[in-house]
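The listed protein sequences correspond, in order, to chains U and D.
Each residue of the first sequence is one higher than the one before, counting from 1 in full-length UniProt numbering.
Each residue of the second sequence is one higher than the one before, counting from 1 in full-length UniProt numbering.
Down below is the structure, laid out as structure tokens.
2 protein chains.
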Amino acid sequence: MHTHTVKAFDEEIGDLRALIAQMGGMAEEAIRAAVVALRRHDLAGAAAIVAGDKAIDALEMEVEQLAIRIIALRAPMADDLREVVAALKIAGVIERIGDYAKNIAKRVPLIDAQGDIEPLSVLPAMANLAIAMVHDVLDAFAARDAEAALDVCERDRQVDDFYNSLFRVLVTHMMENPKTIGQMAHVLFIAKNLERVGDHATNVAEMVYYAATGKHMAERDRSSFKMTEA
Amino acid sequence: MHTHTVKAFDEEIGDLRALIAQMGGMAEEAIRAAVVALRRHDLAGAAAIVAGDKAIDALEMEVEQLAIRIIALRAPMADDLREVVAALKIAGVIERIGDYAKNIAKRVPLIDAQGDIEPLSVLPAMANLAIAMVHDVLDAFAARDAEAALDVCERDRQVDDFYNSLFRVLVTHMMENPKTIGQMAHVLFIAKNLERVGDHATNVAEMVYYAATGKHMAERDRSSFKMTEA
Numbered sequence: 001m002h003t004h005t006v007k008a009f010d011e012e013i014g015d016l017r018a019l020i021a022q023m024g025g026m027a028e029e030a031i032r033a034a035v036v037a038l039r040r041h042d043l044a045g046a047a048a049i050v051a052g053d054k055a056i057d058a059l060e061m062e063v064e065q066l067a068i069r070i071i072a073l074r075a076p077m078a079d080d081l082r083e084v085v086a087a088l089k090i091a092g093v094i095e096r097i098g099d100y101a102k103n104i105a106k107r108v109p110l111i112d113a114q115g116d117i118e119p120l121s122v123l124p125a126m127a128n129l130a131i132a133m134v135h136d137v138l139d140a141f142a143a144r145d146a147e148a149a150l151d152v153c154e155r156d157r158q159v160d161d162f163y164n165s166l167f168r169v170l171v172t173h174m175m176e177n178p179k180t181i182g183q184m185a186h187v188l189f190i191a192k193n194l195e196r197v198g199d200h201a202t203n204v205a206e207m208v209y210y211a212a213t214g215k216h217m218a219e220r221d222r223s224s225f226k227m228t229e230a
Numbered sequence: 001m002h003t004h005t006v007k008a009f010d011e012e013i014g015d016l017r018a019l020i021a022q023m024g025g026m027a028e029e030a031i032r033a034a035v036v037a038l039r040r041h042d043l044a045g046a047a048a049i050v051a052g053d054k055a056i057d058a059l060e061m062e063v064e065q066l067a068i069r070i071i072a073l074r075a076p077m078a079d080d081l082r083e084v085v086a087a088l089k090i091a092g093v094i095e096r097i098g099d100y101a102k103n104i105a106k107r108v109p110l111i112d113a114q115g116d117i118e119p120l121s122v123l124p125a126m127a128n129l130a131i132a133m134v135h136d137v138l139d140a141f142a143a144r145d146a147e148a149a150l151d152v153c154e155r156d157r158q159v160d161d162f163y164n165s166l167f168r169v170l171v172t173h174m175m176e177n178p179k180t181i182g183q184m185a186h187v188l189f190i191a192k193n194l195e196r197v198g199d200h201a202t203n204v205a206e207m208v209y210y211a212a213t214g215k216h217m218a219e220r221d222r223s224s225f226k227m228t229e230a
């Protein structure tokens, strides 16, 4: 801790940003790899993703310790405090995105249907949309770019539309192939996890917006039946 | 902020604990009420739960602001810092439990099957188990009781067993009643949400244990296929 007390505040914030960027890159890659492992029924790949989640968790702990240390030692005010708190919370959200990747990977052994069925074939496109949101919102955090954060929020609707369409496709598939219901239930959870990744990117966007501007993003129009909070 | 600087640290921690207890009570009640609304197909009750979640969110923001203020103004060390950080994180978890209640409530209008079908009839018992874990772990936090926190962790297995059994019951029900698949998919998500409430109580227990002892709870035995991370 002593070496940190002589570090400039900006340097410490730079360390925080670097940790967040590293965590974000790992979580994005984990989601991408989990969907690839699913389509290939790659059990070894899936197991590696599950094991790799520990590294993301460890980084979250590093962010937390550094953020608390900065707040306690420097007592930053206003913009600086908002940014440190945002980093702390963003790390928590990225950790959860890592958990979603792990959860998807854990379902790989339970789904032996190959990628030629419709519900599985659309998952990669949905995953890519969600991952791109995560990537862009972390760029927005690094650049303190409130406008870019707003843009990420707009894109959450596409992920939701994907999910709602996939939900209907899955239910239809289950009705027509009752023997696959158990497996398709796992696919349904995977689709839900990806939809949640989009929600988390949106939450981060709200944090980035607040950190950059000191104002809360205006409550956006949300359908009262949107199923995205948990 | 000025009035707080003259408050004793213990008094500020007391305020934090009181906010956490209040949040926890609201989240427990929201989960309980959501399952009741589901069984009664009570749309007004469900809408009230959705609306009430904002109050839990507002309390989380209060906890966050108070915790950050304590860290910045008092630079607490060791035990005291661990406790403030635990409060900050526990508030985040309770907020998520509130989101699960809201999510369950939002599904009420989508499920018109009455409580006489088996999958719906077991949900209240599962909800009660999960809620009791939340209640007891917050008591453990208030009492700095590491042993009580360990006890809560042990009980998560019961909630998981409930969920795994319910998953099979739901899949069987879907196979035998294909027309209900859409609705039963929503019930499946509700069961998953309740299982997640148990997981979150376990996470809080780990935070309470660490705050009380300064040691991380030993990694407990977890099946590598346990589906509880997301």
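For glycine and all other residues, C-beta sits at the position ideal for the given N, C-alpha and C.
The structure displayed is predicted, hence computed values, not measured ones.
To the nearest angstrom, report how far apart residue i and residue j are at their CA atoms.
i, j, result
"alanine 51 (chain D)", "leucine 110 (chain D)", "18 Å"
"glutamate 154 (chain U)", "arginine 32 (chain D)", "34 Å"
"serine 121 (chain U)", "threonine 172 (chain U)", "15 Å"
"tyrosine 100 (chain U)", "phenylalanine 167 (chain U)", "18 Å"
"alanine 146 (chain D)", "glutamate 12 (chain D)", "22 Å"
"arginine 144 (chain U)", "arginine 82 (chain U)", "12 Å"
"residue 245 (chain U)", "alanine 47 (chain U)", "Absent from the structure is residue 245 (chain U), since the part of chain U shown begins at 1 and ends at 230."
"alanine 211 (chain U)", "leucine 150 (chain D)", "37 Å"
"histidine 186 (chain U)", "lysine 106 (chain D)", "22 Å"
"proline 124 (chain U)", "glycine 98 (chain U)", "17 Å"
"glycine 214 (chain D)", "aspartate 80 (chain D)", "11 Å"
"valine 36 (chain D)", "isoleucine 56 (chain D)", "20 Å"
"phenylalanine 189 (chain D)", "alanine 67 (chain U)", "35 Å"
"isoleucine 71 (chain U)", "valine 84 (chain U)", "8 Å"
"histidine 135 (chain D)", "glycine 25 (chain D)", "8 Å"
"asparagine 177 (chain U)", "lysine 179 (chain D)", "13 Å"
"arginine 17 (chain D)", "alanine 142 (chain D)", "7 Å"
Which same chain residues end up closer than 6 Å to residue i when comparing Cβ atoms and leaving out the 5 residues on each side of it in sequence?
i, result
"phenylalanine 9 (chain D)", "Arg74"
"isoleucine 181 (chain U)", "Met174"
"tyrosine 163 (chain U)", "Ala191 and Glu195"
"alanine 148 (chain D)", "Ala140"
"aspartate 53 (chain D)", "Gly98 and Lys102"
"valine 204 (chain U)", "Ile90, Val93 and Val137"
"methionine 133 (chain U)", "Val152, Arg155, Gly198 and Ala201"
"alanine 34 (chain D)", "Ile49, Ala101, Ile104 and Ala105"
"valine 108 (chain U)", "Ala37, Leu38 and Ala46"
Can you tell me whether residue i is buried or exposed, with buried defined as 16 or more other CB within 10 angstroms of its CB?
i, result
"glycine 14 (chain D)", "exposed"
"arginine 196 (chain U)", "buried"
"methionine 23 (chain D)", "buried"
"histidine 216 (chain U)", "exposed"
"methionine 184 (chain U)", "buried"
"methionine 61 (chain D)", "exposed"
"glutamate 95 (chain D)", "buried"
"residue 232 (chain D)", "Nothing can be reported for residue 232 (chain D): it is not among the residues displayed for chain D, which extend from 1 to 230."
"glutamate 28 (chain D)", "buried"
"glycine 198 (chain D)", "buried"
Tell me which same chain residues have a C-beta within less than 7 Å of the C-beta of residue i, skipping the five on either side of it?
i, result
"methionine 207 (chain U)", "Ala86, Lys89 and Ile90"
"glutamate 64 (chain U)", "Leu88 and Ala91"
"asparagine 103 (chain D)", "Asn193"
"tyrosine 209 (chain U)", "Ala146, Ala149, Leu150 and Met217"
"leucine 59 (chain U)", "Leu19, Gln22 and Met23"
Helix, strand or coil: which one does DSSP assign to residue i?
i, result
"lysine 102 (chain U)", "helix"
"methionine 126 (chain D)", "helix"
"methionine 174 (chain D)", "helix"
"arginine 196 (chain U)", "helix"
"glycine 214 (chain D)", "coil"
"methionine 207 (chain U)", "helix"
"alanine 87 (chain U)", "helix"
"proline 76 (chain D)", "coil"
"isoleucine 111 (chain U)", "coil"
"aspartate 156 (chain U)", "helix"
"isoleucine 181 (chain D)", "helix"
"arginine 144 (chain D)", "coil"
"alanine 8 (chain U)", "coil"
"methionine 26 (chain D)", "helix"
Taking 7 Å as the cut-off, is the C-beta of residue i nearer than that to any heavy atom in the ligand NAP?
i, result
"valine 63 (chain D)", "The model on display carries no ligand, and the ligand NAP is accordingly not part of it."
Starting from residue i, find everything on chain B with Cβ-Cβ shorter than 8 Å and list it in chain order.
i, result
"leucine 73 (chain D)", "The chain inventory of the structure shown lacks chain B, comprising the protein chains U and D."
Which residues in the same chain have their Cβ closer than 8 Å to the Cβ of residue i, if we skip the five residues on either side of it in sequence?
i, result
"proline 119 (chain U)", "Leu166, Val169, Leu170, His173, Met184, Val187 and Ala191"
### Task
Assess, as a yes-or-no matter, whether the segment 40-57 of chain D is touched by the segment 38-52 of chain U under the definition of 3 or more beta carbon pairs within less than 8 Å.
Contact fails: fewer than three Cβ-Cβ distances are below 8 Å.
### Query
Are the segment 124-133 of chain U and the segment 156-167 of chain U in contact at 8 Å, needing three or more beta carbon pairs?
Here the segment 124-133 of chain U makes contact with the segment 156-167 of chain U; the two share three or more CB pairs at distances below 8 Å.
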